[in-house]
Amino acid sequence: MSRRPPSSTAAAGLVLLAALLHTVAAGVLWTWFGFDTGVAGDEPFFAYVAVGAVLLGALPAVAVATRRLRAPALVVAAAFTLSAYGTWSIVDSGLTPVDPTPFGWYLLGWPLVAVAALLVGGGEYGLRRYRRSPTAQVRVDDTDIDR
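As structure tokens, then:
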């Protein structure tokens with residue numbers, strides 16, 4: 001059963017919604033963890049982090065909307081969740097967070113998270129293409145005949 005790709009309007013809406021949700025979630029956690037007090041007045045830094053938050057939200061949505069790739073979303077979601085949990089466990093235990101915390105590394109290292117998501121997405125795309133290729137079908141058929 002083949003599904004049609006979403007229309008360009010629906011795809012653009014999905015990308016904008018994902019970018020907005022990720023940015024808002026990152027901003028809420030940023031404030032909740034108390035990061036806003038440590039870097040007050042550093043607009044270039046905030047711009048860098050904001051661009052990263054938008055792109056990390058949009059990148060997986062573009063992969064889903066254009067190629068139906070799910071792996072980039074899993075990479076970004078796992079990195080976001082694990083880093084937020086790591087920072088929460090530090091804050092919840094009563095310790096003073098020493099910058100950068102795991103969530104701080106996630107926000108500072110967003111280019112690495114984006115590259116990891118793209119590489120894993122490329123692997124998913126390549127695997128899907130290989131599984132659909134005629135040579136892959138011949139190999140499967142040849143092994144079935146030998147049995």
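Be aware that the sequence shown starts at 1, since it is given in full-length UniProt numbering, and climbs by one per residue.
Cβ atoms here follow ideal geometry from the backbone N, Cα and C, with glycine treated the same way.
Quantities reported herein were computed from a predicted structural model and do not represent experimental measurements.
N-terminal and C-terminal residue of the alpha helix (DSSP H) that residue i is part of
i: F103; result: 102-108
i: S83; result: 71-92
i: R67; result: 43-67
i: S7; result: Note, S7: premise wrong, no alpha helix (DSSP H); not H, not E.
Local Cβ density within 10 Å of residue i, reported as buried at 16 or more and exposed below that
i: S83; result: buried
i: T81; result: exposed
i: Y106; result: buried
i: L21; result: exposed
i: P44; result: exposed
i: G126; result: exposed
i: V28; result: exposed
i: A10; result: exposed
i: A78; result: exposed
Cα-Cα separation between residue i and residue j, rounded to whole angstroms
i: M1; j: S8; result: Caution applies to M1, whose pLDDT of 48 falls short of 50 and renders its modelled position unreliable; the model cannot decide the point.
i: V15; j: G57; result: 8 Å
i: G13; j: V24; result: 16 Å
i: A31; j: R132; result: Residue 31 is actually Thr in this sequence, not Ala. Taking the straight line from one Cα to the other gives about 46 Å.
i: V115; j: L69; result: 15 Å
i: S93; j: T101; result: 14 Å
i: L118; j: A18; result: 17 Å
i: residue 196; j: V64; result: The structure shown does not extend to residue 196, since the chain spans only 1 to 147, so no value can be given for it.
i: L112; j: T135; result: 34 Å
Rounded Cβ spacing between residue i and residue j (contact assumed at less than 8 Å)
i: V49; j: P60; result: Contact doesn't hold; Cβ gap of about 18 Å is too wide.
i: F46; j: G104; result: That belief does not hold up - the Cβ atoms of F46 and G104 are roughly 13 Å apart, past 8 Å.
i: G98; j: F33; result: Sequence check: residue 98 is Val here, not Gly. At roughly 12 Å, the Cβ-Cβ gap does not stay under 8 Å, so V98 and F33 are not in contact.
i: G52; j: W110; result: 3 Å
i: G123; j: P72; result: Their Cβ separation, rounded to whole angstroms, is 10 Å, which puts G123 and P72 out of contact at 8 Å.
heavy atom of the ligand SAH below 7 Å from residue i C-beta
i: A63; result: With respect to small molecules bound, the structure shown includes none, and the ligand SAH cannot be examined in it.
Residue i at chain B interface by Cβ criterion, 8 Å
i: E43; result: Among the protein chains of the structure shown there is no chain B, as only one such chain exists.
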